[in-house]
Every structure is written in structure tokens, then in C-alpha cells.
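Scroll down for the structure; my scribbles are underneath it.
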Amino acid sequence: MASALAAGVNPVDLARREMSFYADLFQKMTDSCFRKCVTRYHDGELQTGEGVCVDRCVFKYMGAVQRIGELLQEGQPMPAAGGAPSVQ
Numbered sequence: 001m002a003s004a005l006a007a008g009v010n011p012v013d014l015a016r017r018e019m020s021f022y023a024d025l026f027q028k029m030t031d032s033c034f035r036k037c038v039t040r041y042h043d044g045e046l047q048t049g050e051g052v053c054v055d056r057c058v059f060k061y062m063g064a065v066q067r068i069g070e071l072l073q074e075g076q077p078m079p080a081a082g083g084a085p086s087v088q
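When we follow the UniProt record's numbering, the leftmost residue of the sequence shown carries the number 1, and every step to the right adds one.
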């Protein structure tokens, strides 16, 4: 936050942007993993296979986001363009 103040950035605006980023990240991850892993809506709870799929999907998605963040902090170019990380 001290560097944000030195750069003339309002800390409240910075916090709002960060919250917006994380909310957007959560929404994209939820949509992507749910579409990939949940194909039937007959039960009120996830089946075992669906739960495992969601766990793996979230783990991979967050790993990709973390790696992208590391590359951006290092100033390296991104390996491939395409928006949000795709989950396989």
C-alpha cells in the first residue's frame, strides 16, 4: 500500500479494483469448472466424480492464474494469448 500511495494511487480505489478482479476470477472459475464437471442435475448434491472433477479443475485453474501472475511480475511475455486460462 505504501508504494500505491507513493505512486499517487488511491488505496480505496486499489482495493476496489482488487476485489473486482477476485470476484471476476471466482465467477470465471466457477462457470468454467461447473460447465466442465457437472453434466446432470438430478441430485441436490455433487456425485463423487463431479466433486473430484471440480477439485482438480479449481486446482488447475488457480495454478494457471498463479503462474500468469508470476510471469507478469517478472515482466516476461505471456506464452499464449487467449484471456482466462482454459481448464483441461
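Don't be surprised by glycine CBs; every beta carbon is placed ideally from N, CA and C.
A check of alpha carbon separations from MET29 across MET62, CYS53, ARG40 identifies MET62 as the nearest. Secondary structure of ASP43 (DSSP, three-state): coil.
Straight across, the Cα-Cα distance linking THR48 with VAL58 is about 16 Å. When the Cα atoms are used, ASP31 and ALA64 turn out to be separated by approximately 16 Å. Boundaries of the alpha helix (DSSP H) harbouring VAL65: 48-74, taken from the DSSP string. For VAL12, the enclosing alpha helix (DSSP H) has its first and last residue at 11-37. When the beta-carbon positions are compared, GLU50 and CYS33 stay at least 7 Å from each other.
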